[in-house]
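Peer 1:
Rendered as structure tokens:
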């Protein structure tokens, strides 16, 4: 590890700390419907949207109505994104003439679900598959809408804690509109202009062919990248314009853009912790959640960075300089430190943008992103998703604490009873089951070669790596799907009907079987009375609670996924140090002898 | 609850218009005026023709040029197929590739002693990495100087002027832009044809 390397991690963290309160105050104003400094410029737009869509700003919804609106909105989003993609060959702004055949029904379904669920898993590579119109009108749009929907759910759940003896938790359409108009759009505009000034491209031109110095022809890709890049980061979406995502020099050209992109990922999730404290009228509660997230974030970096810096002993033996660390799948301008930091941040959040290829990380370096995703991305997390995920763990944590002392658990003055705990467990079990069952089936399933469902044949024939790392590619894919992350151990080719459809289902389960139980919790909590704090109340703003909450996240994750992780990155770590190599994939797993 | 269908469809279409057309087109318009060079790919010209982008790496195989990193983008630095090798650390293919590249490097740079800079033997994440580390450039100076018939110190000073340091002293890593370096080589010490 180098001094500048450590310094950029520390400075990044301090910038996030400094931005949390101002961002949180602004978000609180927006979602409480108070006047912000942007109202003189944007209030007309908000009002116009309500008017044209027939939305009544002052009308509130019960949790069932709120959920129904969200589901309906998502269905419309999936249908529209699907139709647009399938029709791309007949639509304008398609200078490379990408036709409909490359956008197969299963791929279009996967991509539509992927962007609507804020996952942004990509079975395709943008520069060879998707027209500019689709990038803008289908994919960029869902970057905004899925992000705004996620924040809306977090705010609705927060209202459940903040209110008492009411039936309603807000209005989905109003929360959605405010998120887009006052939060995501302004941040994206500023971000896009900054990124473009640093070299991120933004045009509608066809690709340019140049003659290289050695006389060969090289295609330089073009497109409206900056506008998608900025919302991809602030909305924690993570779906790249190009296949290489934020490693591509046209998406992330300099160390400075890299630093700014990292801050953009954590900006809203960190601000939401402050919003939580503010709305429940006890900012210490928000900071306790912030502290838990910070602790887990720093632990992750402290594992990944040294693991990547130590490099790959197998390559060192071949004569490579060990001091430069593991550089396979990394860019020189970012190096080991900024790449390790990015890998941790993008999986702490449910962002999924990558500036290094996670598939080529060292086993322990890759274990942290995988584990981050599997614990539900609650370390700052996705916009909204991080806060509501962490509140779910808070419910589990006070439940465990309540069992230990034999008292009805309370959190933020609300009694946590059967219904809340059941709903929290439903969300946790649904995602875990989806990840583990789909990974298990894909590891053993066999199809006829060149058939429809999976042309390569067996589910493992789609992998680049074999042995434990091959298994990790499958496990990472379904974890990323259910976690709505979108990053990948990219050696797996998921653009076949089998993977496109199972991953699509995986993403839907991870999004909606998480959100709907939590909205039910919100409704149930809002109806409850706030109980008075007594000497017997377990305080949820101190270091003891931070430790308990962080412990709950890690222990629930470890208990659920340890066997799978042991078969993947953990055994791979020991095999790497013993110099064991794995050749091409043959047949089905496990094949590491 | 079915009355929500109207708002669902209307708001989706309206926000598609706002965030999917007006927003990206407005950003395109503004950036084309404010930052036309960057917005259009930071292209560089040589002899009046486009010779590449200063942000996108190129394949360099001739001994008189500084070589880029191995690339997994298509058959190498293919702008339509960005990506890494995705080889895990225990991949046989990774070891085979690195072994072959190490042998080639040692043959091409017989003067080099000690460990080889890792970035020069590993594929980048994008397959389009425009940079190599200063160490990786230094490892090739003797070879380039010999082919170009120039003193090694002169080549070294070209490398130094093509080297970018860490932003604000702590962000990212020091790096050499290979295309810019090779362009300045061609200017100062043209290869005899």
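Chains as they are written, first to last, in my numbering: chain A, 666 to 1258; chain B, 525 to 717.
Yeah, the Cβ is synthetic: ideal placement off N, Cα and C, and Gly gets one too.
From a predicted model like this one, the values you see are computed outputs, not experimental measurements.
Tell me, to the nearest whole angstrom, how far the beta carbon of residue 644 of chain B is from that of residue 660 of chain B; I am working on the premise that it is less than 8 Å.
Peer 2: About 4 Å separates the two Cβ atoms, so the contact holds.
Peer 1: Only counting the same chain, and skipping five residues up and downstream in sequence, which positions put a Cβ closer than 6 Å to that of residue 1078 of chain A?
Peer 2: For residue 1078 of chain A, where only same-chain residues beyond five positions count, the Cβ hits under 6 Å are 1195 and 1196.
Peer 1: In this structure, how does DSSP classify residue 998 of chain A when only helix, strand and coil are distinguished?
Peer 2: Residue 998 of chain A: coil per DSSP, three-state reduction.
Peer 1: Given residue 981 of chain A, which residues of its chain have a CB within under 8 Å of its CB, disregarding the five upstream and five downstream residues?
Peer 2: Counting only Cβ-Cβ distances below 8 Å, and skipping sequence neighbours, we find 987.
Peer 1: Rounded to whole angstroms, what is the Cα-Cα separation between residue 529 of chain B and residue 1225 of chain A?
Peer 2: Straight-line Cα distance between these residues: approximately 39 Å.
Peer 1: In its own chain, which residues sit with a C-beta less than 7 Å from the C-beta of residue 836 of chain A, not counting the 5 before and 5 after it?
Peer 2: Only 724, 725 and 726 meet the Cβ criterion.
Peer 1: Pull up the CB-CB distance for residue 581 of chain B and residue 653 of chain B, whole angstroms please, since I reckon it's below 8 Å.
Peer 2: The pair is a contact, with the Cβ atoms about 5 Å apart (cut-off 8 Å).
Peer 1: Is the beta carbon of residue 1164 of chain A closer than 9 Å to that of residue 788 of chain A?
Peer 2: Their beta carbons are under 9 Å apart, which means residue 788 of chain A touches residue 1164 of chain A by this criterion.
Peer 1: List, in order along the chain, the chain B residues whose C-beta lies closer than 8 Å to that of residue 1024 of chain A?
Peer 2: Near residue 1024 of chain A (Cβ distances below 8 Å), the residues of chain B are 608, 610, 611 and 612.
Peer 1: Does residue 1254 of chain A get closer than 9 Å to chain B when you measure Cβ to Cβ?
Peer 2: Confidence is the limiting factor: at residue 1254 of chain A the pLDDT is only 43, short of 50, which leaves the residue's position unreliable, though a coordinate-based value still follows. No, because no Cβ of chain B sits closer than 9 Å to the Cβ of residue 1254 of chain A.
Peer 1: Where does residue 906 of chain A fall in DSSP's three states?
Peer 2: Reduced to three states, the DSSP call for residue 906 of chain A is coil.
Peer 1: To the nearest angstrom, how far is the alpha carbon of residue 1062 of chain A from that of residue 1214 of chain A?
Peer 2: Rounded to the nearest angstrom, the two C-alpha atoms are 6 Å apart.
Peer 1: If contact means a Cβ-Cβ distance below 9 Å, which residues of the segment 845 to 856 of chain A contact chain B?
Peer 2: Answer in chain order: 845, 846, 849, 850, 853 and 854.
Peer 1: In three-state DSSP terms, what is residue 672 of chain A?
Peer 2: Of the three classes helix, strand and coil, the one that applies to residue 672 of chain A here is helix, per DSSP.
Peer 1: Check whether the Cβ of residue 899 of chain A lies closer than 9 Å to any Cβ atom in chain B.
Peer 2: Judged by the 9 Å Cβ criterion, residue 899 of chain A is not in contact with chain B.
Peer 1: Taking 9 Å as the CB-CB cut-off, is residue 597 of chain B touching chain A?
Peer 2: So, interface residue.
Peer 1: Show which residues of chain B have a CB atom less than 9 Å away from the CB atom of residue 927 of chain A.
Peer 2: Result: empty, since nearest Cβ-Cβ is about 10 Å, beyond 9 Å.
Peer 1: According to DSSP, is residue 532 of chain B helix, strand or coil?
Peer 2: In the structure shown, residue 532 of chain B sits in a helix (DSSP, three-state: H, G or I).
Peer 1: Please list, in chain order, the chain A residues whose beta carbon lies closer than 9 Å to that of residue 667 of chain B.
Peer 2: Here the premise fails: no neighbours, minimum Cβ distance about 16 Å.
Peer 1: Where does residue 899 of chain A fall in DSSP's three states?
Peer 2: Here residue 899 of chain A sits in helix by DSSP.
Peer 1: Count the other CB atoms within 10 Å of the CB of residue 1127 of chain A; is the residue buried (16 or more) or exposed (fewer)?
Peer 2: The residue in question, residue 1127 of chain A, is buried, as its Cβ has 16 or more Cβ neighbours within 10 Å.
Peer 1: Between residue 704 of chain B and residue 919 of chain A, what straight-line distance do the alpha-carbon atoms span, to the nearest angstrom?
Peer 2: Cα-Cα distance, rounded: 16 Å.
Peer 1: Give me whichever residues DSSP pairs with residue 567 of chain B in a beta bridge.
Peer 2: DSSP lists B/577 as partners of residue 567 of chain B.
Peer 1: Could you check where the beta strand (DSSP E) with residue 799 of chain A kicks off and where it finishes?
Peer 2: Per DSSP, residue 799 of chain A belongs to no beta strand (DSSP E) and is neither H nor E.
Peer 1: According to DSSP, residue 1208 of chain A sits in a beta bridge with which residue or residues?
Peer 2: In DSSP, residue 1208 of chain A forms no bridge with anything.
Peer 1: Strictly below 9 Å CB to CB, what residues from chain B border residue 1245 of chain A?
Peer 2: Under the 9 Å cutoff, chain B gives 614.
Peer 1: Kindly say whether residue 540 of chain B, judged by its beta-carbon, lies nearer than 9 Å to any beta-carbon of chain A.
Peer 2: By this cut-off, residue 540 of chain B is an interface position.
Peer 1: Answer with yes or no whether the minimum CB distance from residue 633 of chain B to chain A is below 9 Å.
Peer 2: Cβ-Cβ to chain A under 9 Å: no for residue 633 of chain B.
Peer 1: Leaving aside the five residues before and after residue 1004 of chain A along the sequence, list all residues of the same chain whose C-beta is less than 8 Å from its C-beta, in chain order.
Peer 2: So the qualifying residues of the chain are 973, 995, 996, 1020 and 1021.
Peer 1: Alpha carbon to alpha carbon, what distance is there between residue 554 of chain B and residue 1255 of chain A?
Peer 2: In this prediction, residue 1255 of chain A has a pLDDT of 42, which is less than 50 and means its spatial position is unreliable; nothing more can be read from the coordinates.
Peer 1: Between A/809, A/826, A/1154 and A/811, which lies nearest to residue 941 of chain A when the distance is taken from Cα to Cα?
Peer 2: Checked all of A/809, A/826, A/1154 and A/811; the closest Cα to residue 941 of chain A is A/826.
Peer 1: Which term fits residue 619 of chain B, buried or exposed, when burial requires 16 or more other beta carbons within 10 angstroms of its beta carbon?
Peer 2: Burial call: buried.
Peer 1: In whole angstroms, give me the CA-to-CA distance for residue 613 of chain B and residue 828 of chain A.
Peer 2: Cα to Cα, the separation comes out at about 52 Å.
Peer 1: Using a cut-off of 8 Å between C-beta atoms, extract the partners of residue 887 of chain A located in chain B.
Peer 2: In chain order: 564 and 565.
Peer 1: List the residues of chain A that residue 572 of chain B touches, going by C-beta distances under 9 Å, in chain order.
Peer 2: In chain order: nothing, as chain A lies at least about 11 Å away.
Peer 1: DSSP on residue 582 of chain B, reduced to helix/strand/coil?
Peer 2: Coil.
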